[in-house]
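Visitor: Here it is, the structure in full.
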Amino acid sequence: MMKHELYFGLVLLLAVFSSTYTSAQFQGPCDEGAPTCNGTLPTCEDGTAQPPCANNDPPMCEEGVTLLCQDGSQPNIGRPDGGDGGGVVASGQTSVGTCTPNSGTCSSAGTSNYVYRSLSYNVSTGKMTGTITTNQCVDHPAEQGTVDCIEQQFPAPDFASAPSGIPTLNRIALGLKSGINIYSAYEAGFGIGNAPFPCGMQQQGSLGGTYGECLGGLSVEQCDAHLAATCAEGDVLTSLFLDNCGGHANPYHYHADMVCDYDLTTGVHSAATGLGLDGVVIYGKYETGTSAPLDLDPCNGHLGPVPESTEYSITASTVYHYHMTTSFPHTLGCFGPVADEAACKALYPQQCGDGVTALVVKENEVNVTYDFDLYCPCASPVLSNSSTAGTPPPDPTPDSSNISESPYLFGFRLTFVVLAVPLFNQFLN
234 MMKHELYFGL VLLLAVFSST YTSAQFQGPC DEGAPTCNGT LPTCEDGTAQ
284 PPCANNDPPM CEEGVTLLCQ DGSQPNIGRP DGGDGGGVVA SGQTSVGTCT
334 PNSGTCSSAG TSNYVYRSLS YNVSTGKMTG TITTNQCVDH PAEQGTVDCI
384 EQQFPAPDFA SAPSGIPTLN RIALGLKSGI NIYSAYEAGF GIGNAPFPCG
434 MQQQGSLGGT YGECLGGLSV EQCDAHLAAT CAEGDVLTSL FLDNCGGHAN
484 PYHYHADMVC DYDLTTGVHS AATGLGLDGV VIYGKYETGT SAPLDLDPCN
534 GHLGPVPEST EYSITASTVY HYHMTTSFPH TLGCFGPVAD EAACKALYPQ
584 QCGDGVTALV VKENEVNVTY DFDLYCPCAS PVLSNSSTAG TPPPDPTPDS
634 SNISESPYLF GFRLTFVVLA VPLFNQFLN
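Following our numbering, the numbering of the sequence shown begins with 234 at its first residue and continues without gaps.
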């Protein structure tokens, strides 16, 4: 009788360990390329969750439990930094020490901004030459950034000859009023090697979600629409996207019309807001009154009248210039002018025409599929032949059969099996 009681006791012990560690498994999917936790294995605050699964993803803690590194620090899952000029040093950029403040941290209240313009305007070409010096601190309330004093030359050497392609992930212009970076419409992606996961806020909290991804090469607007179709309703990390002024991140940069930098109610041609690295001036979204220009080329530019600006020493004239737009490409598609879409695409031989990616997006409260030519800024995506309107968002709840089991959990189970087998033999014999 004793042998059988011990036998069932050991079986029960194995079952308890298996149940305990299974319940401690993370609740989200195990997506390839998720960030590590400052180089250490992450764990839950109460120690219940297992170390990363087979492809080195961090575990997802149970509700109310904070994800921590083994050294006690929080995981590095904040919004990705923009970097100097958007990840690399921009053409024509020089580090200088003449800003005020010149080092330290930018004020989140927007009071640390420094900009100095030394520019001259050519009334015949519509281009500016000279420099802008900026500490890259935002000029309105936004998340805290780091002071980085640089001087940017215009035109930048790499873009002095038109037409040319823009850096799709780097600085393409600076704001005239603030000296803040202006980027293309594109982000490098979220949830694919770039923390944090953009979906799952209801499960995980303010540090980041538990699932979801946006491919690099989607505009911020396109990424937002894709997540609206693939995340549970109300479960998107909206702080990843743009604030009311059209920008975000550290260093702060714009991906859309800089509506906080000019008066949208004047009823005339929008004011100058930025300066492209090619020296061509960028204006707001209106041509006249509240009407957008209808003849923009794929670079978002056209030949037309521009208003005088005493602040920036711009003389009223008819010249080629850019406009910000509410539709893609939002900022610039290239440094123009170009004749048509084909001429624009010729500037991006490695990015345009290399295949399309079909992705579902939410459009007018309905899910539809578009074909995206990722990182090709010359044209909007087109409706896919495989599109099926009305498709509901996929269930974000992970299928437990698809969750990779932690190697550590497997090790616990294997250890107990190895130890238990001799004991079984001993008591049964």
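A virtual CB, placed ideally from N, CA and C, is assigned to each residue, including glycine.
Computed from a prediction, not measured in an experiment: that's the story for all the values here.
1. With a threshold of 16 other CB atoms inside 10 Å of the CB of GLY500, please say whether the residue is buried or exposed.
2. Between SER328, GLN385, ALA406 and TYR485, which lies nearest to THR338 when the distance is taken from Cα to Cα?
3. Assuming SER341 contacts PRO374 (C-beta within less than 8 Å), just tell me the rounded distance between them.
4. Of all the options GLY467, PHE561, ALA525 and ALA461, which has the alpha carbon lying nearest to the alpha carbon of PRO614?
5. Quick one: which unbroken beta strand (DSSP E) runs of 3-plus residues sit fully inside the segment 488-570? Chain order, please.
6. The alpha helix (DSSP H) that contains VAL453, what's its start and end?
7. On a CA-only basis, which of ASN335, VAL356 and SER324 is nearest SER542? Give me that one, please.
8. Give me the Cα-Cα distance between PRO390 and CYS464, rounded to the nearest whole angstrom.
9. I'd like to confirm something about VAL593: is its beta-carbon nearer than 8 Å to some heavy atom of the ligand NAP, or not?
10. If HIS488 sits next to ALA418, beta carbons under 8 Å apart, how far is it from one beta carbon to the other, in whole angstroms?
11. Any idea what DSSP makes of PHE430, helix, strand or coil?
12. Looking at LEU508: is its Cβ nearer than 9 Å to the Cβ of ILE413?
13. For the candidate residues VAL322, GLU420 and THR558, whose alpha-carbon lies nearest to that of TYR608?
14. In the DSSP assignment, the beta strand (DSSP E) including GLU420 goes from what residue to what residue?
15. Tell me, please, which residues DSSP counts as bridged to LEU352.
16. Going by alpha carbons, who is nearest to PHE387 out of PRO526, SER546, GLU520 and GLY512?
17. Rounded to a whole number of angstroms, what is the C-alpha to C-alpha distance between GLN377 and VAL539?
18. Round the Cβ separation of GLY343 and VAL371 to the nearest angstrom and send it over; I've been treating them as touching at under 8 Å.
19. Run through the DSSP bridge pairs and tell me what ILE383 is partnered with.
20. Between PHE723 and CYS447, how many whole angstroms is the CB-CB distance? I'm expecting something under 8 Å.
21. Evaluate contact between the segment 489-497 and the segment 510-527, counting only Cβ atoms and requiring at least three cross-stretch pairs below 8 Å.
22. Counting along the chain, where does the beta strand (DSSP E) carrying GLU596 start and finish?
23. Do you know whose CA, among LEU409, ASN477, THR331 and ILE405, lies nearest ASP381's CA?
24. Name, in chain order, the residues that DSSP records as bridge partners for SER397.
25. Would you give the residue range spanned by the beta strand (DSSP E) that ALA406 belongs to?
26. Give me, in chain order, the residues of the same chain whose beta-carbon lies closer than 8 Å to that of ASP476; leave out the 5 immediate sequence neighbours on both sides.
27. Quick check: GLU359 and HIS554, are their CB atoms within less than 9 Å of each other?
28. Pick helix, strand or coil for PHE605, following the three-state DSSP scheme.
29. Out of curiosity, what's the CA-to-CA distance linking GLY467 and ASN597?
30. How about GLY566 and CYS577: are their beta carbons less than 9 Å apart?
31. Using 10 angstroms around the beta-carbon of PRO400, count the other beta-carbons present and answer buried if the total reaches 16, otherwise exposed.
32. What would DSSP say about THR443, mapped onto helix, strand or coil?
33. Quick check: the Cα distance between TYR519 and VAL492, rounded to an integer number of angstroms?
34. Please classify ASN179 as buried or exposed, where buried requires at least 16 neighbouring CB atoms within 10 angstroms.
35. Taking the C-alpha atoms as reference points, what is the distance between GLN584 and ASN403?
36. Would you mind reading off the limits of the alpha helix (DSSP H) that contains CYS577?
Guide: A quick look at the data gives this:
1. For the purposes of this step, residue 500 is identified with residue 267 of the sequence shown, where counting begins at 1. Exposed is the call here.
2. As a working mapping, residue 338 is identified with position 105 in the sequence shown. The candidate whose alpha carbon is nearest that of THR338 is TYR485.
3. Working through the sequence shown from its first residue, we reach residue 341 at position 108. Working through the sequence shown from its first residue, we reach residue 374 at position 141. The pair is a contact, with the Cβ atoms about 6 Å apart (cut-off 8 Å).
4. What you label residue 614 is simply residue 381 of the sequence shown in a count that begins at 1. Of the listed residues, the one whose Cα sits closest to PRO614 is PHE561.
5. 505-509, 514-516, 534-539 and 550-556
6. Residue 453 sits at position 220 when you count from the first residue of the sequence shown. Unbroken alpha helix (DSSP H) run through VAL453: 453-463.
7. The sequence position of residue 542 within the sequence shown is 309, counting from 1. Nearest of ASN335, VAL356 and SER324 to SER542, Cα basis: VAL356.
8. The residue labelled residue 390 in the question sits at position 157 within the sequence shown. The residue labelled residue 464 in the question sits at position 231 within the sequence shown. Each residue's Cα considered, the two are about 43 Å apart.
9. You won't find the ligand NAP in this model; it holds no ligand whatsoever.
10. Reading the sequence shown from its first residue, position 255 is the one you call residue 488. Reading the sequence shown from its first residue, position 185 is the one you call residue 418. So it is a contact: roughly 6 Å between Cβ atoms.
11. If you number the sequence shown from 1, residue 430 lands on position 197. Correct three-state label for PHE430: coil.
12. For this step, residue 508 is matched to residue 275 along the sequence shown. For this step, residue 413 is matched to residue 180 along the sequence shown. No. Outside cutoff.
13. Here residue 608 refers to the residue found at position 375 of the sequence shown. Closest option to TYR608, Cα to Cα, is GLU420.
14. The count along the sequence shown starts at 1 and reaches residue 420 at position 187. No beta strand (DSSP E) holds GLU420; DSSP gives it neither H nor E.
15. One-based indexing of the sequence shown puts residue 352 at position 119. LEU352 is bridged to GLY363.
16. Along the sequence shown, read from residue 1 onward, the residue named residue 387 stands at position 154. Taking only the C-alpha atoms, the option nearest PHE387 is GLY512.
17. Numbered from 1 along the sequence shown, position 144 holds the residue referred to as residue 377. Numbered from 1 along the sequence shown, position 306 holds the residue referred to as residue 539. In a straight line, the C-alpha of GLN377 is about 35 Å away from that of VAL539.
18. As a first step, residue 343 must be located in the sequence shown, where it is residue number 110. As a first step, residue 371 must be located in the sequence shown, where it is residue number 138. Indeed, because the Cβ distance is near 6 Å, the residues count as touching under 8 Å.
19. In the sequence shown, residue 383 corresponds to position 150, counting from 1. Looking at the DSSP assignment, ILE383 forms a beta bridge with SER328 and THR367.
20. As shown, the chain starts at 234 and ends at 662. That puts residue 723 outside it, with no answer to give.
21. yes
22. Position 363 of the sequence shown, counted from the start, is the residue given in the question as residue 596. It spans 590-596 - the beta strand (DSSP E) in which GLU596 sits, taken as one unbroken run.
23. One-based indexing of the sequence shown puts residue 381 at position 148. The residue with the shortest Cα to Cα distance from ASP381 is THR331.
24. Sequence index remark: in the sequence shown, residue 397 carries index 164 (1-based). Answer by DSSP bridge pairing, in chain order: PHE568.
25. As a working mapping, residue 406 is identified with position 173 in the sequence shown. It spans 406-408 - the beta strand (DSSP E) in which ALA406 sits, taken as one unbroken run.
26. As a working note, residue 476 is residue 243 in the sequence shown. These residues qualify, in order along the chain: ALA375.
27. Residue numbering aside, residue 359 sits at position 126 when the sequence shown is read from its first letter. Residue numbering aside, residue 554 sits at position 321 when the sequence shown is read from its first letter. For clarity, residue 359 is Gly in the given sequence; the question names Glu instead. Closer than 9 Å, so yes.
28. In the sequence shown, residue 605 corresponds to position 372, counting from 1. It is a strand residue.
29. Counting from one through the sequence shown, the residue named residue 467 turns up at place 234. Counting from one through the sequence shown, the residue named residue 597 turns up at place 364. Looking at the two C-alpha atoms, the distance is approximately 16 Å.
30. Indexing the sequence shown from 1 puts residue 566 at position 333. Indexing the sequence shown from 1 puts residue 577 at position 344. Yes, they are a contact pair.
31. Along the sequence shown, read from residue 1 onward, the residue named residue 400 stands at position 167. Buried, because 16 or more other Cβ atoms sit within 10 Å of the Cβ of PRO400.
32. Along the sequence shown, read from residue 1 onward, the residue named residue 443 stands at position 210. Reduced to three states, the DSSP call for THR443 is coil.
33. Numbered from its first residue, the sequence shown carries residue 519 at position 286. Numbered from its first residue, the sequence shown carries residue 492 at position 259. One C-alpha to the other measures close to 11 Å.
34. Absent from the model: residue 179. The displayed extent of the chain is 234 to 662, so no value can be given.
35. Position 351 of the sequence shown, counted from the first residue, corresponds to residue 584. Position 170 of the sequence shown, counted from the first residue, corresponds to residue 403. Roughly 15 Å between the two C-alpha positions.
36. The count along the sequence shown starts at 1 and reaches residue 577 at position 344. Unbroken alpha helix (DSSP H) run through CYS577: 574-578.
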